[in-house]
Amino acid sequence: MSSKTRLDRAYKNAKRITFDDSSKFILFSDCHRGDNSFADDFANNRNIYFHALRHYYSEGFDYCELGDGDELWENLSFESIFYAHKNVYMLMKQFHDKERLHMIWGNHDMVYRDPKYVEKYLSTFFDPKTGNDEDLFCGIQYHEGIILKHSETNQELFFTHGHQADWWNYTFWKWSRFLVRILWKPLNVMGIADPTSPAKNYKELIKVERRTKKWISENNNLITVVGHTHRPRFPEPGDIAFFNDGSCVHPRSITGIEIENGAISLIKWQIVTTENGTLKIDRFLLEGPTKLINYKTE
233 MSSKTRLDRA
243 YKNAKRITFD
253 DSSKFILFSD
263 CHRGDNSFAD
273 DFANNRNIYF
283 HALRHYYSEG
293 FDYCELGDGD
303 ELWENLSFES
313 IFYAHKNVYM
323 LMKQFHDKER
333 LHMIWGNHDM
343 VYRDPKYVEK
353 YLSTFFDPKT
363 GNDEDLFCGI
373 QYHEGIILKH
383 SETNQELFFT
393 HGHQADWWNY
403 TFWKWSRFLV
413 RILWKPLNVM
423 GIADPTSPAK
433 NYKELIKVER
443 RTKKWISENN
453 NLITVVGHTH
463 RPRFPEPGDI
473 AFFNDGSCVH
483 PRSITGIEIE
493 NGAISLIKWQ
503 IVTTENGTLK
513 IDRFLLEGPT
523 KLINYKTE
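With the numbering used here applied, the sequence shown covers 233 to 530.
See the structure below:
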């Protein structure tokens, strides 16, 4: 199966959401939430992520997570991840309860493409305080893709994880998971990177991006937002409409895509030092805002 076929299928089966210029979305991906062990890359940025997500909740944004939210290659179960970052999941539950949470599965959490698995492990959690199973993400659905369609202009935006353009990590993800658990997790501690990951292998990254751009060009330059490679991308109008929201495991920062007032922006959240020596978490605009309609082709 080719990259084109996989991306075509993700688009065809995508969840569809109608939006307008008053809608607000924040897109993060590649959080790789782990168990707070030495191999948990998310742990370094969890306070930044929590603060940013709390900001977006209070400001009325919908949250779209574009895959690899949970690190289920290095970790055997969701349970250990949940208790390591319970405050994050309880905040995500608030989005879910307001029907403002939209989830996509990636290669590192590809088990979530099975609705029965999702229902079994994500619906409830055991609360030691009450001694009962309590509601968590009851009724949540994971998708391979999400399409936003503007109610007035009919312009579409397509969100997916992006590993559809990565033959090895899509087709042989179980082999990759096995190698990560047995081999690369301990070697990662010594600073040896997994060569099969496009986020750590520049040649693979370029190939994945080239295949994705080709698909976008063949689909009327459809605005497409992915993750997977961890490399933020923000094109100018007139270029191939290939966006990447980056990741939440950059050193000392997280990046994401905002959609607000009919415009799209690339943003970064990081810890900064104030003049009096205190630390605070701040948001920085990297690119945009650029009106979505500027990317529309006739």
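Yeah, the Cβ is synthetic: ideal placement off N, Cα and C, and Gly gets one too. Since this is a predicted model, take the numbers as computed values, not measurements.
Short CB-CB distance (under 8 Å) between residue i and chain D
i, result
"H317", "The chain inventory of the structure shown lacks chain D, comprising one protein chain alone."
Cβ-Cβ separation, residue j to residue i (assumed contact under 8 Å), whole Å
i, j, result
"S216", "D262", "In the structure as shown, the chain starts at 233 and stops at 530, and residue 216 therefore has no counterpart that could be examined."
"F475", "T456", "7 Å"
"S383", "D252", "5 Å"
"K256", "G301", "That belief does not hold up - the Cβ atoms of K256 and G301 are roughly 20 Å apart, past 8 Å."
"A310", "Y353", "Residue identity check: residue 310 is Phe in the sequence provided, not Ala. About 5 Å separates the two Cβ atoms, so the contact holds."
"G459", "G509", "No, G459 and G509 are not in contact; Cβ-Cβ is about 35 Å, not under 8 Å."
"A242", "T385", "In fact, because the Cβ distance is near 23 Å, the residues do not count as touching under 8 Å."
8 Å Cβ shell around residue i - same chain, five flanking residues per side excluded
i, result
"D365", "T356, F357, F358 and D359"
"F404", "The predicted model places F404 with a pLDDT of 46, which falls under 50 and marks its position as unreliable; any figure quoted below should be read in that light. There are no such residues."
"V481", "D262, C263, H264, D273, F274, N276, N277 and H462"
"R515", "A284, H287, I499, K500 and W501"
"N307", "G266, D267 and I313"
"L511", "I503, V504 and T505"
"D329", "none"
"E450", "K236"
Close beta carbons around residue i, own chain, < 7 Å, minus the five adjacent residues each side
i, result
"N526", "P469"
"L584", "The requested residue 584 is not part of the displayed model; the chain covers only 233 to 530."
"K236", "W447"
"S534", "Beyond the ends of the chain as shown, which are 233 and 530, falls residue 534; an answer cannot be given."
"R465", "F474, F475 and N476"
"H340", "H264, D300, E303, L304 and W305"
"R248", "I379 and K381"
"F327", "Y289, Y295 and L333"
Residue i vs residue j beta-carbon contact at 8 Å
i, j, result
"V320", "R265", "yes"
"I231", "C296", "This structure cannot speak to residue 231, because the chain is shown only from 233 to 530."
"G299", "G338", "yes"
"E507", "S497", "no"
"R332", "E376", "no"
"G548", "I503", "The shown model of the chain, from 233 to 530, leaves out residue 548, and the question about it has no answer."
"F260", "D477", "yes"
"T250", "K381", "yes"
"G494", "L518", "no"
"L389", "K325", "no"
"I280", "I513", "yes"
One or two residues paired with residue i in a DSSP bridge
i, result
"Y374", "M335"
"E291", "According to DSSP, which records beta bridges pairwise, E291 is partnered with nothing at all."
"P469", "D471"
"C296", "L259 and H334"
"G394", "Paired residues: none, contrary to the question."
"A495", "E492 and K523"
"E366", "F357"
Residues of its chain near residue i, where Cβ-Cβ distance is below 6 Å and the 5 sequence neighbours each way are ignored
i, result
"A246", "G377, I378 and I379"
"C370", "S355"
"N453", "A473 and T529"
"H334", "C296 and I378"
"A316", "D267 and N268"
"E492", "K256"
"Y349", "V343"
With three or more C-beta pairs closer than 8 Å as the rule, is the stretch 385-399 touching the stretch 439-446? yes
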